[in-house]
Amino acid sequence: MKISFLGTGTSTGVPVISCTCEVCTSADPRDQRLRSSLLLENADDKIIIDCGPDFRQQMISINMDFPTGIIITHGHRDHIAGLDDIRGFNFIHRKPVEIFIPQHSLHAIQTEFPYIFNPGNYKRAPSANIHTLKGENFTVGSTTFTPLPCLHNLEEVWGYKTGNFAYITDASSISEETIDLLSGIDYLVLNALRIKPHPSHFSLEQAIDLVLRVIKPGKVWFTHISHFMGLHADASEFLPEGISLAYDGLSVELS
Ligand SMILES: [Zn+2]
Ligand SMILES: [Zn+2]
Ligand SMILES: [Zn+2]
Numbered sequence: 124m125k126i127s128f129l130g131t132g133t134s135t136g137v138p139v140i141s142c143t144c145e146v147c148t149s150a151d152p153r154d155q156r157l158r159s160s161l162l163l164e165n166a167d168d169k170i171i172i173d174c175g176p177d178f179r180q181q182m183i184s185i186n187m188d189f190p191t192g193i194i195i196t197h198g199h200r201d202h203i204a205g206l207d208d209i210r211g212f213n214f215i216h217r218k219p220v221e222i223f224i225p226q227h228s229l230h231a232i233q234t235e236f237p238y239i240f241n242p243g244n245y246k247r248a249p250s251a252n253i254h255t256l257k258g259e260n261f262t263v264g265s266t267t268f269t270p271l272p273c274l275h276n277l278e279e280v281w282g283y284k285t286g287n288f289a290y291i292t293d294a295s296s297i298s299e300e301t302i303d304l305l306s307g308i309d310y311l312v313l314n315a316l317r318i319k320p321h322p323s324h325f326s327l328e329q330a331i332d333l334v335l336r337v338i339k340p341g342k343v344w345f346t347h348i349s350h351f352m353g354l355h356a357d358a359s360e361f362l363p364e365g366i367s368l369a370y371d372g373l374s375v376e377l378s
């Protein structure tokens with residue numbers, strides 16, 4: 124299995140439009156973060172987690188032929204705004220894209236993209252097979268996932284686990300039940316927004332604490348990062364062994 128970070132930024136992306144801070148003006152490419160998304164490759168499966176406003180650019184950057192499926196974590200715009208752009212896949216391959224949506228996010232996505240669900244006279248509407256997830260394990264291609272329910276302030280967001288790998292973004296708290304589901308994983312991607320606390324996202328300190336004290340996987344990458352994290356190079360210096368900040372374009376072969 125191989126993971127590639129297509130985006131590691133928070134909802135604004137980094138640089139933030141019109142910001143002149145040292146992160147947003149940094150020459151280090153690791154300080155340029157598209158909205159968070161991951162490519163997971165397993166055997167012949169190419170699975171995308173989340174489909175934000177940078178989706179088109181992300182798909183072009185990896186020369187994606189056709190995704191086996193797209194899995195959504197929750198209905199916030201920075202995770203779904205690119206759904207309109209599946210049309211490229213439809214036009215070239217003349218078939219629908221498989222999209223997996225947690226039940227709690229369905230309403231937001233139906234409201235945002237009613238024409239995906241009910242195209243009416245819109246002949247060139249995005250074409251998708253929508254799979255509504257209710258909490259059970261599900262399979263994309265030949266890869267089976269377990270949903271990891273988490274809270275994003277008061278709203279639900281789901282992470283996903285497959286094999287010894289788990290991906291969690293936009294969480295601000297994780298229940299004991301979900302912690303139990305994470306026991307024994309070797310690789311974890313977890314959100315860490317910035318240095319200071321935030322109501323809807325783990326701060327850097329909270330994320331580190333959760334990893335070291337509670338989850339204890341072998342290797343961890345933080346994602347969904349804001350410019351308030353500071354420079355990638357500076358923030359990385361203080362991370363405990365086994366924990367790194369992810370950056371756009373990072374690919375890792377998982378054993
Ligand atoms: Zn987000
Ligand atoms: Zn900035
Ligand atoms: Zn969110």
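The letter at position 99 of the sequence shown is residue 222 when you use my numbering, and the numbering goes up by one with no holes.
Don't be surprised by glycine CBs; every beta carbon is placed ideally from N, CA and C.
Should residue i be counted as a contact of ligand 2 given a C-beta to heavy atom distance under 6 Å?
i	result
HIS350	yes
VAL139	yes
CYS174	no
VAL280	no
VAL146	yes
Sorry if obvious, but does the Cβ on residue i come closer than 6 Å to a heavy atom of ligand 1?
i	result
SER134	yes
HIS199	yes
Pop quiz: residue i and residue j are said to be a contact at Cβ under 8 Å. What is the actual Cβ separation, rounded to whole angstroms?
i	j	result
ILE222	ILE195	7 Å
SER349	THR131	Between THR131 and SER349 the Cβ distance is about 11 Å, and since that is not below 8 Å, they are no contact.
LYS284	LEU271	6 Å
HIS275	SER159	Contact flag wrong, Cβ pair sits at about 13 Å.
ASP293	VAL280	5 Å
SER228	HIS197	5 Å
GLY341	TYR370	So it is not a contact: roughly 20 Å between Cβ atoms.
For ligand 3, I want to know if residue i counts as a neighbour, meaning its beta carbon is within less than 6 Å of at least one of the ligand's heavy atoms.
i	result
ASP293	yes
HIS230	no
HIS275	yes
For residue i and residue j, I'd like the C-alpha separation in whole angstroms.
i	j	result
GLY108	LYS125	Residue 108 falls outside the range modelled here, since the chain spans only 124 to 378, and no answer is possible.
LEU354	VAL146	5 Å
SER127	PRO237	30 Å
GLY192	ILE291	18 Å
GLY211	ARG336	44 Å
PRO320	PHE351	11 Å
ILE174	ILE215	For clarity, residue 174 is Cys in the given sequence; the question names Ile instead. So the alpha carbons of these two residues sit roughly 19 Å apart.
PRO176	HIS199	11 Å
PHE178	VAL137	15 Å
SER295	ILE185	30 Å
SER378	VAL139	36 Å
ALA315	ALA358	11 Å
ASP167	LYS339	30 Å
ALA289	LEU362	20 Å
GLY372	ASN213	25 Å
What's the call for residue i, buried or exposed, on a 16-neighbour Cβ count within 10 Å?
i	result
SER298	exposed
GLY307	exposed
LYS218	exposed
GLY365	exposed
THR301	buried
GLN226	exposed
ALA251	buried
GLY282	buried
LEU277	exposed
PRO249	buried
HIS324	buried
GLY255	According to the sequence provided, residue 255 is Thr. The question's Gly does not apply to it. With fewer than 16 other Cβ atoms within 10 Å, it is exposed.
ARG247	exposed
SER141	exposed
- prompt: Would you call the segment 196 to 205 and the segment 238 to 255 touching, i.e. three or more CB-CB distances under 8 Å?
  reply: The answer is no - the segment 238 to 255 does not touch the segment 196 to 205, with fewer than three Cβ pairs under 8 Å.
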